[in-house]
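Engineer: Got a structure here, written out as structure tokens. Questions coming.
In my numbering, the protein residues as written are 146 to 1128.
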């Protein structure tokens, strides 16, 4: 409120009064003189801004001046127009200074433009009151303006423009010294990068989540696609190495890169002050040196951004590459897992199709699960067990969903307190979440005790109740419940609502005036710059809601803490009540003795504590002024008009000062109580975060159950099948995928909205009696690409613990999914479509293992048919003989089928390489020129692509189609037999 008052009195001259006993005694140690700057001196505020701009030269500086944030010099000239702010010229002795500004409560709005839209770093200089000693040293300055925080895209905390459904990660990448020096720029997908080990560390400052991983440089692109960091930090030594291979990777995806010094690298022990708890002793040795270096670089960078603000992060979680399914960046894009290829939007993606979560933190966790499916059979089956229980017990699922809706984003709430930024509203939200958690625990406990054998073991696993029991054991509710009780017993919710209403009312008034000021001259420095119309409007605002200080003068105090919050607070409220009664008694006494029924006791900013009368009482001269009445203390008239009169009365002045002191002490005690509650939150930090993690998992698994009920999904059976050894026979167990009646999870929804049905298809890759490679041929538009993608997506859904769109599914765990589906030119790196395709194919052939699942569509189409056929067959041959993984391979190069037969690679050949099966889609013609696509796969080879039918559908002129038909007839393509094999 004080800041709002200041926003309307900017530019007034101030007088500083310092008492003698406030002056520092003895020898006064002077600060060193600043470096003399060339040119004339600027006013203090402008000079402070200039020095901050020089110190933080890579940032846009916003300086707090009263109720405004202001930009100066070149920052105002460059960013004022971008922010739609009028740039004014501030007159100074040193010449005009460009400046622009906006009201302080619009900070988030302009931070969004600067940080999120323009990817700028913003340094925020706040006002810090000077004590008596500092005032003397600074020549009487009331405030020192220094940078309190640097805001970057990756270090957001609680800004309103943050995406609540996505993590906001900042990632540091560490390259060993030899890698920094030696790596030349090479293609991002090149196998030459395979052996270069690097360390990753990333954290979300808004939740405190902190992770590390050790990977190879060749897999960096996939890791970045999985984590999606908003900002990447590199050692400043790499800033001059623009030819380094890592630059090619980062620039290709257009990540925001920031360079930072490594800082001190004390190792894991140096991280301890920034963590909420110690790292488990048995995990410390697992961190590689590259991970530790990356973590140290990251923490140093974040500390510099926070400018001394304390932080408590979760202990680092080391992400093992073998514990998650690797989805390379091409697969993440082509499978449209988090956004669509065409428009890069969320709607239409796999995540959009399956998300039924009701909490923001649950949505963020689901995004992480989809980006990195688990390869742990235990983890997957634990999730499936929860889904099964919630699918069977709809009442329990609905009850938990209702309670989850009542909870709040605990991860971000708790982190705000860890960063010393929480407010009373956050405390109430936290208390509500704790009560919802208690109710959920009670529901789960009742479910365990009342339905011990409600479901069959075949559906829920060996121990159907273990999934709920395990969740209950992970929740620690006792200490959080005590915290929630303290919060509810301390905070006055009605008072808090009234406080917000008053703030909103005043903010609206200040906003209207500030907007007029900004529109007039771009700054709130002096109300004299307002045009006459704006001044007239401001004069009409005499009836605006009173300020907080005037609010107090009318005895309308807004307290946010209950009197029972502490013994001291209760005592102070008692004293205040007594003083208010004294005020009431004094009012009645003065009304009687002065014969003034309209008399009120008030406080005003200009006159202090006054007596105020109006109407006929104002026109009557008080007797005490003329007759010296000894029953009434002397009064002194201050101002008068025909309708009002104000005067001082000593007894009210003394009582008013006592009321002020009582209110001040209550405010101070409220702050102390709030600080103690905040400390209790910090002490409960670990338990609150662990409880929040359980709620997130319950949110996801209940949403999976709802999704399964809505779309008739099936629980998949997963097996941890080991990779076949070189000596294993063809009949021995090998990784397999058996999907009966599979559907595409996103395409099916689109067809349903049009009233159409989706054609189900089976996928039996690697299952007994079937090849581990399926060669799929067929006409354009007949669903080959959809079939490939749907089986990859079903595999992903299965390994995040979700039910799948199929009649039946049995899957061996997949360690990686690779997709080579569709390519485009990469003009930035001067790469043709075919070159991009070959890079993707090379990466697959180098990285796929026998436990991987590969889908390849139209390999070799970017060159001549002869060369394309050769390259495509070579890739298929390598996948069969070297990678030995599960493959769906779609092509229009029918000659590949002939080459497979000649190489005796078919399942029917029963040789050591026998692994390929032929399947196809087709077209049915009605004999009158009409046709329909047959999306159902069948055995065999379809040697007709029916390209002219697609061309006609696309609207090619009939004359052009006839020319194409003549060419085909001369080449004998259309007249050749179209089908080989099949039932």
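Quick reminder that beta carbons are idealized off the backbone N, C-alpha and C, glycines included.
Specify, as a first and last residue, the run of the beta strand (DSSP E) that residue 316 falls within.
Structural biologist: Here the question's residue 316 lines up with position 171 in the chain shown. From DSSP, the beta strand (DSSP E) with residue 316 extends over 314–319.
Engineer: I need the boundaries of the alpha helix (DSSP H) containing residue 897, first residue and last residue.
Structural biologist: Counting from one through the chain shown, the residue named residue 897 turns up at place 752. Note, residue 897: alpha helix (DSSP H), 892–898.
Engineer: Run the CB neighbour count on residue 857, radius 10 Å, all protein chains shown included, and call it buried at 16 or more, exposed below.
Structural biologist: Taking the first residue of the chain shown as 1, we reach residue 857 at position 712. Classification of residue 857: exposed, given that the 10 Å Cβ count is below 16.
Engineer: Which full runs of the beta strand (DSSP E) of 3+ residues lie inside the region 355–384, going along the chain?
Structural biologist: DSSP runs (the beta strand (DSSP E)) wholly in the region 355–384: 376–380.
Engineer: Comparing C-alpha positions only, which one of 348, 554, 814 and 1107 sits nearest to residue 309?
Structural biologist: Working through the chain shown from its first residue, we reach residue 309 at position 164. Residue 554 is the option with its Cα nearest to residue 309.
Engineer: Do you know how far the Cα of residue 224 is from the Cα of residue 646?
Structural biologist: As a first step, residue 646 is located in the chain shown; it is residue number 501 there, counting from the start. As a first step, residue 224 is located in the chain shown; it is residue number 79 there, counting from the start. Going from the Cα of residue 646 to the Cα of residue 224 covers about 33 Å.
Engineer: Candidates 1015, 1071 and 977: which alpha carbon is nearest residue 1045's?
Structural biologist: For this step, residue 1045 is matched to residue 900 along the chain shown. Checking every option, the nearest Cα to that of residue 1045 belongs to 1015.
Engineer: Whole angstroms is fine: what's the gap from residue 571's alpha carbon to residue 848's?
Structural biologist: The residue labelled residue 571 in the question sits at position 426 within the chain shown. The residue labelled residue 848 in the question sits at position 703 within the chain shown. Approximately 26 Å between the Cα atoms of the pair.
Engineer: Would you mind giving the Cβ-Cβ distance between residue 470 and residue 966, rounded to the nearest angstrom? I have them listed as a contact below 8 Å.
Structural biologist: Position 325 of the chain shown, counted from the start, is the residue given in the question as residue 470. Position 821 of the chain shown, counted from the start, is the residue given in the question as residue 966. Actually they are not in contact, since the Cβ atoms of residue 470 and residue 966 sit about 18 Å apart, beyond 8 Å.
Engineer: If residue 922 and residue 1065 are in contact, beta carbons under 8 Å, what's the gap, nearest whole angstrom?
Structural biologist: Walking along the chain shown from the start, residue 922 turns up at place 777. Walking along the chain shown from the start, residue 1065 turns up at place 920. Going by Cβ atoms, the distance from residue 922 to residue 1065 rounds to 5 Å, so yes, they are a contact pair.
Engineer: In the structure shown, what three-state DSSP assignment does residue 243 receive?
Structural biologist: Here residue 243 is taken as the residue at index 98 of the chain shown, counted from 1. The answer is strand: DSSP assigns residue 243 an E or B state.
Engineer: Excluding the 5 residues flanking residue 1115 on each side, which residues of the same chain have their C-beta closer than 6 Å to its C-beta?
Structural biologist: Walking along the chain shown from the start, residue 1115 turns up at place 970. Correct list: empty, nothing qualifies.
Engineer: Could I get the ranges of all uninterrupted alpha helix (DSSP H) runs contained in the region 995–1045, with 4 residues as the minimum, in chain order?
Structural biologist: The qualifying runs are 1010–1023.
Engineer: Could you pull the start and end residues of the beta strand (DSSP E) that residue 816 belongs to?
Structural biologist: Position 671 of the chain shown holds residue 816. First-last for residue 816: 795–828, but that is the alpha helix (DSSP H), not the beta strand (DSSP E).
Engineer: Which value, in whole angstroms, describes the spacing of the CA atoms of residue 376 and residue 914?
Structural biologist: By 1-based counting over the chain shown, the position of residue 376 is 231. By 1-based counting over the chain shown, the position of residue 914 is 769. Cα to Cα, the separation comes out at about 50 Å.
Engineer: Give the range of the beta strand (DSSP E) segment to which residue 920 is assigned.
Structural biologist: Position 775 of the chain shown, counting from 1, holds the residue named residue 920. Taken as a continuous stretch (DSSP letters only), the beta strand (DSSP E) holding residue 920 covers 918–922.
Engineer: In angstroms with no decimal places, state the Cα-to-Cα distance between residue 746 and residue 262.
Structural biologist: Along the chain shown, one-based indexing puts residue 746 at 601. Along the chain shown, one-based indexing puts residue 262 at 117. Using only the alpha carbons, I get a separation of about 53 Å.
Engineer: Would you report the Cα separation of residue 266 and residue 202, rounded to the nearest angstrom?
Structural biologist: Here residue 266 is taken as the residue at index 121 of the chain shown, counted from 1. Here residue 202 is taken as the residue at index 57 of the chain shown, counted from 1. Using only the alpha carbons, I get a separation of about 10 Å.
Engineer: Would a C-beta distance cut-off of 7 Å place residue 508 and residue 894 closer than the cut-off?
Structural biologist: Here residue 508 refers to the residue found at position 363 of the chain shown. Here residue 894 refers to the residue found at position 749 of the chain shown. Not in contact: residue 508 and residue 894 (Cβ atoms no closer than 7 Å).
Engineer: Please identify the residue among 495, 357 and 556 whose C-alpha is closest to the C-alpha of residue 504.
Structural biologist: Numbered from its first residue, the chain shown carries residue 504 at position 359. That would be 556, whose Cα lies nearest to the Cα of residue 504.
Engineer: With DSSP as the reference, label residue 1076 as helix, strand or coil.
Structural biologist: Residue mapping note: residue 1076 aligns to position 931 of the chain shown, counting from 1. Note: residue 1076 maps to strand in three-state DSSP.
Engineer: Assign residue 430 to one of three DSSP states: helix, strand, or coil.
Structural biologist: As a position in the chain shown, residue 430 is number 285, starting the count at 1. Note: residue 430 maps to helix in three-state DSSP.
Engineer: Measure the beta-carbon distance from residue 850 to residue 535 and round it to whole angstroms, keeping in mind my assumption that it falls under 8 Å.
Structural biologist: As a first step, residue 850 is located in the chain shown; it is residue number 705 there, counting from the start. As a first step, residue 535 is located in the chain shown; it is residue number 390 there, counting from the start. With a Cβ gap of about 4 Å, residue 850 and residue 535 count as contacting.
Engineer: Per DSSP, which residues does residue 961 bridge with? Please list them.
Structural biologist: Numbered from 1 along the chain shown, position 816 holds the residue referred to as residue 961. Looking at the DSSP assignment, residue 961 forms a beta bridge with 471.
Engineer: Have a look at the DSSP bridge pairing and note the partners of residue 310.
Structural biologist: The residue labelled residue 310 in the question sits at position 165 within the chain shown. Its beta-bridge partners do not exist; DSSP assigns none.
Engineer: Give the secondary structure of residue 754 by DSSP, where H, G and I count as helix, E and B as strand, and everything else as coil.
Structural biologist: Position 609 of the chain shown holds residue 754. Strand at residue 754.
Engineer: Helix, strand or coil: which one does DSSP assign to residue 618?
Structural biologist: For the purposes of this step, residue 618 is taken as residue 473 along the chain shown, with counting starting at 1. Helix.
Engineer: Residue 442 and residue 317: beta carbons closer than 7 Å?
Structural biologist: Within the chain shown, numbered from 1, the residue matching residue 442 stands at position 297. Within the chain shown, numbered from 1, the residue matching residue 317 stands at position 172. Going by C-beta atoms, residue 442 is nearer than 7 Å to residue 317.
Engineer: If you draw a straight line from the C-alpha of residue 842 to the C-alpha of residue 529, how long is it?
Structural biologist: Taking the chain shown and counting its residues from 1, one reaches residue 842 at position 697. Taking the chain shown and counting its residues from 1, one reaches residue 529 at position 384. If you take the alpha carbons of residue 842 and residue 529, they lie about 12 Å apart.
Engineer: Restricting to Cα atoms, I'd like to know which of 435, 828 and 938 is closest to residue 496.
Structural biologist: Numbered from its first residue, the chain shown carries residue 496 at position 351. It is 938 whose Cα lies nearest to the Cα of residue 496.
Engineer: Is it the case that the Cβ atoms of residue 756 and residue 809 are separated by a distance below 7 Å?
Structural biologist: The residue given as residue 756 occupies position 611 in the chain shown. The residue given as residue 809 occupies position 664 in the chain shown. No, the pair does not count as a contact, with Cβ atoms beyond the cut-off.
Engineer: Which value, in whole angstroms, describes the spacing of the CA atoms of residue 1038 and residue 919?
Structural biologist: Walking along the chain shown from the start, residue 1038 turns up at place 893. Walking along the chain shown from the start, residue 919 turns up at place 774. Straight-line Cα distance between these residues: approximately 14 Å.
Engineer: From residue 1031 to residue 456, what distance separates their C-alpha atoms?
Structural biologist: For the purposes of this step, residue 1031 is taken as residue 886 along the chain shown, with counting starting at 1. For the purposes of this step, residue 456 is taken as residue 311 along the chain shown, with counting starting at 1. Cα to Cα, the separation comes out at about 47 Å.
Engineer: Using DSSP with H/G/I as helix, E/B as strand and the rest coil, what is residue 748?
Structural biologist: In the chain shown, residue 748 corresponds to position 603, counting from 1. Residue state, collapsed to three classes: strand.
Engineer: So, is residue 794 buried or exposed, given that buried needs 16 or more other C-beta atoms within 10 angstroms?
Structural biologist: Numbered from its first residue, the chain shown carries residue 794 at position 649. With 16 or more other Cβ atoms within 10 Å, it is buried.
Engineer: With a threshold of 7 Å on Cβ separation, who are the neighbours of residue 1090 within its own chain once the five nearest residues in sequence on each side are excluded?
Structural biologist: The residue labelled residue 1090 in the question sits at position 945 within the chain shown. The residues are 924, 925 and 1037.
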